[in-house]
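In the working numbering, the protein residues as written are 3 to 299.
Report on the following structure.
What follows is the structure, encoded as structure tokens:
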């Protein structure tokens, strides 16, 4: 497994500002529409009737609404951007990665959704490159919508990040924390027992160093929390491209520095986002903590 503190992946042939803005508007529309659908089916999920399957473990659930929301997103993308590919958490790849690919997570934080906790979101991002290979893709527009709060975080490459809410729109900016000991760090845990064991052992090394830890249950919202200043930083091992694609861009466009750990082939093993002044320390701390826990990074 390889590790590297580096700027976000990028490539040549950057899209025009006009295209970025158009894709950003589309991402907002897609995420907002799917969020309305998710909210409408919430009562069924709360009753337990909506849980239809599991993923990595018996506690990692899939609801009928996960699938319905992804079906909705795919159908809308086929209507407005038929030439683009789609990669979704529930149904995999549709199309090729030669142009723009939409990377979607219909409900990020499904367990929160099932329990009625208000920390779940629809994540939609337009990316360039192959989102199944770490380091070879990057988001150019994205939106993360929390159906419960009515907040939609969105960003475009080189265009900044903002949040729309019932109170209006505001530009986003990460905090200016400059000491790791004063850093409020968000993280997440997987569902597989071995991954959780490693994460628990790593926390023993991380917790004494930072101000405190927060665990929301949605990587997309955690990254947006970095962008909006609700936490200083976010770092997690074991994320997928659909978990992070839109939130990564929101955090980055809000001034955060983003770095990755990867295992080469396959999906990213980890991501960190934080203000630049503590970015190297956060990356080094995570690398050290997981090495001590038994996962060589």
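Note that the Cβ used here is the ideal one computed from N, Cα and C, for glycine as well.
These numbers were taken from a predicted model, which means no experiment stands behind them.
Alpha carbons only, please: which of the options is nearest the one belonging to residue i?
i	options	result
residue 279	262, 235, 124	235
residue 101	36, 181, 69, 16	16
residue 229	150, 218, 251	251
residue 204	282, 294, 191, 170	294
residue 22	161, 253, 282	161
residue 34	154, 225, 96	154
Is the beta carbon of residue i sitting closer than 7 Å to the one on residue j?
i	j	result
residue 222	residue 132	no
residue 126	residue 113	no
residue 277	residue 176	yes
residue 208	residue 121	no
residue 158	residue 26	yes
residue 144	residue 275	no
residue 211	residue 287	yes
residue 264	residue 136	yes
residue 152	residue 138	no
residue 40	residue 71	yes
In the DSSP assignment, the alpha helix (DSSP H) including residue i goes from what residue to what residue?
i	result
residue 1	No answer is possible for residue 1: it lies beyond the span of the chain, which begins at 3 and ends at 299.
residue 26	19–42
residue 251	243–255
residue 294	278–295
residue 79	66–82
residue 206	195–208
Buried or exposed: which applies to residue i, given that a residue is buried once 16 or more other Cβ atoms fall within 10 Å of its Cβ?
i	result
residue 248	buried
residue 214	exposed
residue 60	With a pLDDT of 48 at residue 60, under the threshold of 50, the predicted position of this residue should be treated as unreliable, and no value is reported.
residue 240	buried
residue 195	exposed
residue 178	exposed
residue 297	buried
residue 20	exposed
residue 183	exposed
residue 272	buried
residue 149	buried
residue 266	Annotation note: pLDDT 44 at residue 266 (below 50); position unreliable, coordinate value reported separately. The residue is exposed, with fewer than 16 neighbouring Cβ atoms inside 10 Å.
residue 281	buried
residue 181	exposed
residue 98	exposed
Starting from residue i, trace the beta strand (DSSP E) both ways and give me its first and last residue.
i	result
residue 134	Neither: residue 134 is in no beta strand (DSSP E) and is coded neither H nor E.
residue 108	102–110
residue 92	Residue 92 -> no beta strand (DSSP E), and no H or E assigned at all.
residue 155	153–158
residue 214	214–216
Original post:
Does the pairing of the region 177–188 with the region 224–238 give three or more beta-carbon distances under 8 Å?
Top reply: yes
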